[in-house]
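Under the working numbering, the first residue of the sequence shown is numbered 500, with each subsequent residue one higher. Comments concern the structure below.
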Amino acid sequence: MNKTIRNTSVFVLLLVLALLGRATWVQAYEARALADDQKNRRNTIAQYAQPLGNIVVAGSPVTGSERSGGGTDLEYRRTYTDGELYAAVTGYSSQAYGATQLEGIYADVLDGTDDRLKNPLDAVTRKQQEPGTVLTTIDPAVQKAAYRALGNKKGAAVAVDPASGRILALASTPSYDPSRISGTNDGAAWQELTGDEDKPLVNRALRQPLPPGSTFKLVVAAAALEDGLYRSVDTATESPDPYTLPHTRTVLRNENASAPCENATIRTALRYSCNNVFGKMAADLGQDKVRAMAEKFGFNDAGLDVPVRAYASVYPSKMDPAQTALSGIGQFDVTATPLQMAMVSAAIANDGLLAAPHMVSEVVDSDGDALTSFEDGDTRRIVSSATAGQLRSAMVTVVEEGTGTNAAVAGAEVGGKTGTAQHGENNSETPYAWFTSYAKDPSTGKQVAVAVMIEDSGAARSEVSGNGLAAPVAQKMMAAALK
Numbered sequence: 500m501n502k503t504i505r506n507t508s509v510f511v512l513l514l515v516l517a518l519l520g521r522a523t524w525v526q527a528y529e530a531r532a533l534a535d536d537q538k539n540r541r542n543t544i545a546q547y548a549q550p551l552g553n554i555v556v557a558g559s560p561v562t563g564s565e566r567s568g569g570g571t572d573l574e575y576r577r578t579y580t581d582g583e584l585y586a587a588v589t590g591y592s593s594q595a596y597g598a599t600q601l602e603g604i605y606a607d608v609l610d611g612t613d614d615r616l617k618n619p620l621d622a623v624t625r626k627q628q629e630p631g632t633v634l635t636t637i638d639p640a641v642q643k644a645a646y647r648a649l650g651n652k653k654g655a656a657v658a659v660d661p662a663s664g665r666i667l668a669l670a671s672t673p674s675y676d677p678s679r680i681s682g683t684n685d686g687a688a689w690q691e692l693t694g695d696e697d698k699p700l701v702n703r704a705l706r707q708p709l710p711p712g713s714t715f716k717l718v719v720a721a722a723a724l725e726d727g728l729y730r731s732v733d734t735a736t737e738s739p740d741p742y743t744l745p746h747t748r749t750v751l752r753n754e755n756a757s758a759p760c761e762n763a764t765i766r767t768a769l770r771y772s773c774n775n776v777f778g779k780m781a782a783d784l785g786q787d788k789v790r791a792m793a794e795k796f797g798f799n800d801a802g803l804d805v806p807v808r809a810y811a812s813v814y815p816s817k818m819d820p821a822q823t824a825l826s827g828i829g830q831f832d833v834t835a836t837p838l839q840m841a842m843v844s845a846a847i848a849n850d851g852l853l854a855a856p857h858m859v860s861e862v863v864d865s866d867g868d869a870l871t872s873f874e875d876g877d878t879r880r881i882v883s884s885a886t887a888g889q890l891r892s893a894m895v896t897v898v899e900e901g902t903g904t905n906a907a908v909a910g911a912e913v914g915g916k917t918g919t920a921q922h923g924e925n926n927s928e929t930p931y932a933w934f935t936s937y938a939k940d941p942s943t944g945k946q947v948a949v950a951v952m953i954e955d956s957g958a959a960r961s962e963v964s965g966n967g968l969a970a971p972v973a974q975k976m977m978a979a980a981l982k
């Protein structure tokens with residue numbers, strides 16, 4: 500063999516070895532990454548190769564699957580029962596646009612690819628198994644009450660069992676039917692939904708924090724009682740009316756100019772929603788103490804999973820005294836989700852203990868064996884039992900004699916707090932209407948905590964109030980929960 504042939508043979512051998520090495524590397528080390536790549540069409544084909552597992556409400560599935568029909572290699576597509584009613588719970592599973600909320604979080608369980616569904620041999624062969632099921636905590640009666648009461652308003656509502664933390668209702672309007680975008684040829688519907696200025700795809704209950712207005716006064720009152728600034732809800736405060744924001748000439752006035760807000764007790768201040776009392780109270784406490792209490796209730800928590808990740812409700816930092824005073828009435832840069840304000844009422848209703856909110860009770864395999872379980876009543880202490888009792892008493896006064904009369908439920912103890920939050924520069928746009936509350940049935944022991952936010956009802960500005968718009972929604976939800 501001459502030198503040229505020998506060198507060529509060695510070079511070819513090296514190329515073959517390089518190819519073998521690269522093939523081994525891909526098979527041994529990069530196979531998983533390639534298999535999991537979102538652009539890998541085989542994953543989508545496998546996902547929709549069989550009917551998906553279901554999301555279940557009160558023992559009945561609110562999801563399903565049907566044959567996709569011709570023109571696609573994806574055999575099944577997702578269907579929804581009462582899709583608009585439960586969209587804020589389920590999210591969507593789309594062959595073209597991916598999956599969100601429970602559909603996205605539990606996609607591997609629902610399509611049968613979760614490793615926990617496989618025996619050891621199946622895990623090696625990557626054989627697809629029977630899909631699992633997601634069991635929710637949603638009460639259909641409360642969910643329907645929330646959705647129907649919200650109607651054509653832009654807003655959201657949440658109901659929580661204070662003792663267990665189970666989310667009984669999670670509604671966001673306007674809603675949408677996830678079935679409209681579950682296939683591969685739903686581009687027109689997708690463009691319509693994403694282009695809608697009312698943003699129906701946004702889950703307002705969990706993922707749109709807005710100024711909570713006077714509902715935040717409950718947090719400030721809790722901070723004042725826990726700190727000892729005031730001994731009880733019936734102790735007179737030191738609150739001039741009107742109150743001038745610290746180091747400014749800006750006067751903080753009350754919505755009802757004739758209300759007895761000067762030096763009012765916390766009970767009276769909650770009853771009439773006195774801005775002067777809670778603005779000065781927040782300034783007297785200081786932002787650090789108010790923030791500490793807000794964070795105990797769940798504000799500034801960027802990791803609140805129910806198990807869908809909720810956007811953080813915010814109590815700001817680095818405020819001057821005037822801004823701190825405004826934060827005391829739920830304005831300046833304070834924001835909250837309806838879930839967060841339901842958590843505030845839930846902790847007060849539950850003697851100062853906040854149970855971790857969750858809307859999934861269990862995830863099971865095809866045999867009904869649990870893959871994941873969520874404990875009820877996983878609690879932490881927010882305020883003392885005595886403080887919680889005083890706040891409940893004052894909240895009852897709000898419903899029985901104050902600004903929250905539209906929330907009353909016959910035969911039940913109901914306590915609440917209204918809120919009308921400013922919107923836009925110099926309050927130039929239509930305010931947000933809020934209501935947060937709890938209800939207890941003394942004869943059955945049933946209880947519920949609720950928060951409702953109306954972002955836009957189409958009503959005239961003068962007609963926007965927490966009692967007028969949000970409290971009636973809460974009332975229907977609480978009545979349904981106590982039945």
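Idealized CB from N, CA, C, for every residue including glycine.
Same chain, Cβ closer than 8 Å to residue i, neighbours up to 5 away in sequence not counted
i, result
"Lys945", "Lys939, Ala980, Leu981"
"Ala717", "Reading off the sequence, residue 717 comes out as Leu, not Ala. Excluding positions up to five away in sequence, the list reads Leu769, Val843, Ser844, Ile847, Leu890, Met894, Lys916, Thr935."
"Pro992", "In the structure displayed, the chain extends from 500 to 982; residue 992 sits before or after that span and is not available."
"His746", "Asp819, Pro820, Ala821"
"Thr736", "Tyr729, Asn762, Ala763, Thr764, Ile765, Ala768, Val776, Lys779, Met780"
"Val701", "Ser671, Gln707"
"Val555", "Val561, Thr632, Val633, Leu634, Thr635"
"Leu512", "none"
"Leu519", "none"
"Thr834", "Pro708, Leu709, Pro710, Pro711, Ser812, Val813"
"Ala824", "Tyr742, Leu744, Pro745, Leu751, Gly778, Lys779, Ala781, Ala782"
"Asn905", "Asn966, Gly967, Ala970, Pro971, Gln974"
"Glu565", "Tyr575, Arg576, Thr578"
Cβ-based burial, residue i [other Cβ within 10 Å; buried from 16]
i, result
"Asp614", "exposed"
"Gly910", "exposed"
"Pro941", "exposed"
"Met976", "buried"
"Ala809", "buried"
"Phe510", "exposed"
"Gly802", "exposed"
"Ser884", "exposed"
"Gln594", "buried"
"Ala522", "exposed"
"Glu602", "buried"
"Gly914", "buried"
"Ser508", "exposed"
"Lys652", "buried"
"Ala758", "buried"
Contact set for residue i: own chain, Cβ-Cβ below 7 Å, skip 5 residues either direction
i, result
"Asp733", "Thr764, Arg766"
"Ser505", "Note on residue identity: the sequence assigns Arg, not Ser, to residue 505. For Arg505, where only same-chain residues beyond five positions count, there are no Cβ hits under 7 Å."
"Lys795", "Ile881"
"Asp607", "Asp613"
"Ala688", "Arg679, Ile680"
"Tyr605", "Val633, Val862"
"Lys643", "Leu584"
In DSSP terms, what residue i is bridged to
i, result
"Ser564", "Arg577"
"Val789", "Paired residues: none, contrary to the question."
"Met952", "Ala655, Trp933"
"Thr943", "DSSP lists no partner for Thr943."
"Tyr742", "Leu751"
"Glu912", "Lys939"
"Ile554", "Val633"
"Ala598", "Ser592"
"Arg1004", "For the chain, the structure presents residues 500 to 982; residue 1004 sits outside this window and is missing."
"Glu900", "None, per the DSSP bridge assignment."
Rounded distance between the beta-carbons of residue j and residue i, thought under 8 Å
i, j, result
"Met792", "Trp933", "Going by Cβ atoms, the distance from Met792 to Trp933 rounds to 19 Å, so no, they are not a contact pair."
"Gly654", "Met858", "19 Å between Cβ atoms; not a contact."
"Pro639", "Ala557", "5 Å"
"Ala959", "Pro710", "Not really, about 20 Å apart at Cβ, beyond 8 Å."
"Asn849", "Thr902", "Contact doesn't hold; Cβ gap of about 24 Å is too wide."
"Thr743", "Gly829", "The pair is not a contact, with the Cβ atoms about 19 Å apart (cut-off 8 Å)."
"Leu609", "Leu551", "5 Å"
"Ser663", "Gly876", "5 Å"
Same chain only: Cβ atoms within 6 Å of residue i, ignoring 5 sequence neighbours per side
i, result
"Ala978", "Val908"
"Thr896", "Arg766, Arg770"
"Arg703", "Ala655, Ser671"
"Leu724", "Thr886"
"Pro815", "Asp832"
"Phe798", "Ser812, Tyr814"
"Lys617", "Gln628"
"Ser592", "Arg577, Ala598, Glu602"
Any non-hydrogen atom of the ligand NAP closer than 7 Å to residue i Cβ
i, result
"Arg521", "Absence of the ligand NAP is noted for the structure shown, with no ligands found whatsoever."
Can you give, in chain order, each stretch of the beta strand (DSSP E) that sits fully within the segment 629-714 and has at least 3 residues? Unbroken beta strand (DSSP E) stretches of 3 residues or longer found wholly inside the segment 629-714: 632-635, 653-659, 666-672, given in chain order.
Alpha helix (DSSP H) runs wholly inside the segment 792-875, at least 4 long, in chain order: Whole alpha helix (DSSP H) segments, 4+ residues: 820-826, 837-848.
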